[in-house]
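Mapping the sequence shown onto numbering that gives the first Met the number 0, position 31 (from 1) lands on 30, and the numbers just tick up by one.
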Amino acid sequence: MVNIIWVALAVIGIIYALFNGTIEEVNKVIFTSAEEAVALTITLISVLVFWLGLMKIAEKAGLLLKLTALFKPIFTRIFPEIPPNSTAMGYILSNFSANLFGLGNAATPFGIKAMHEMKKLNNNQEEASRSMITFLALNTSSVTIVPSTIIAIRMQYDSNAPTEIVMTTILATIVSSIGALLVDRYFYYRRVR
């Protein structure tokens, strides 16, 4: 459905430009935007590779295991029906760690694997389990300490202070995560009653 909306918007914009007499400007913007998109993609890839490299170093140094051990008691309370040593919990913690450093692209495979493992724990039912819903809510609002993608975009567009958003991002993502968890629990307990 979203693809149809995007195509419709593009077609409407081009038809409007034809009738408005600004098709030349539209063509110029299309090619300029494509060039900017390639440059931005290269910038984002370099930032992603950098942070993934740091994550690999942290993993080799045992830092990720310590981070996982630090958050495990919290996550076993948030996901009480998932066994603490299950593969699903490992993927959930890996997803959370990647999101913590603003690596949404790197967190996605962990999130997909976590959902797959939770579906197995849910006996492959078509209806999402409590843990799956909670994970989706927390993954969407995830706490971020270093918003590396946003910093990279701000650097690409020559921001004077690309890292000035870090504190705001930390506060906003903590509030959004708490809000997501509260809403999740509210609807869960309301449904159980």
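Where is the CB? At the ideal position from N, CA and C, for every residue including glycine. None of these values were measured; they are calculated from a predicted model.
In the structure shown, LEU102 falls within a coil segment according to DSSP collapsed to helix, strand and coil. Three or more beta-carbon pairs drawn from the stretch 76-90 and the stretch 109-124 are found closer than 8 Å, and the two stretches are therefore classed as touching. By the C-beta criterion, the stretch 98-108 is judged not to be in contact with the stretch 120-132, since fewer than 3 inter-stretch pairs fall below 8 Å. One alpha carbon belongs to ASP157, the other to THR40, and they sit about 16 Å apart.
Bounds of any alpha helix (DSSP H) do not take in ASP157, whose DSSP letter is neither H nor E.
Per DSSP, reduced to three states, the secondary structure at GLY61 is coil, with no helix or strand assignment.
Here LEU137 is buried, its C-beta having at least 16 other C-beta atoms within 10 Å.
The DSSP-derived three-state label of SER32 is helix. No Cβ-Cβ contact shorter than 8 Å links PHE78 with ALA97. Residues PRO83, MET88, LEU92 of the same chain have their beta carbon placed closer than 8 Å to that of LYS71, with the five preceding and five following residues left out of the count. In the three-state scheme derived from DSSP, where H, G and I count as helix and E and B as strand, GLY20 is classed as coil.
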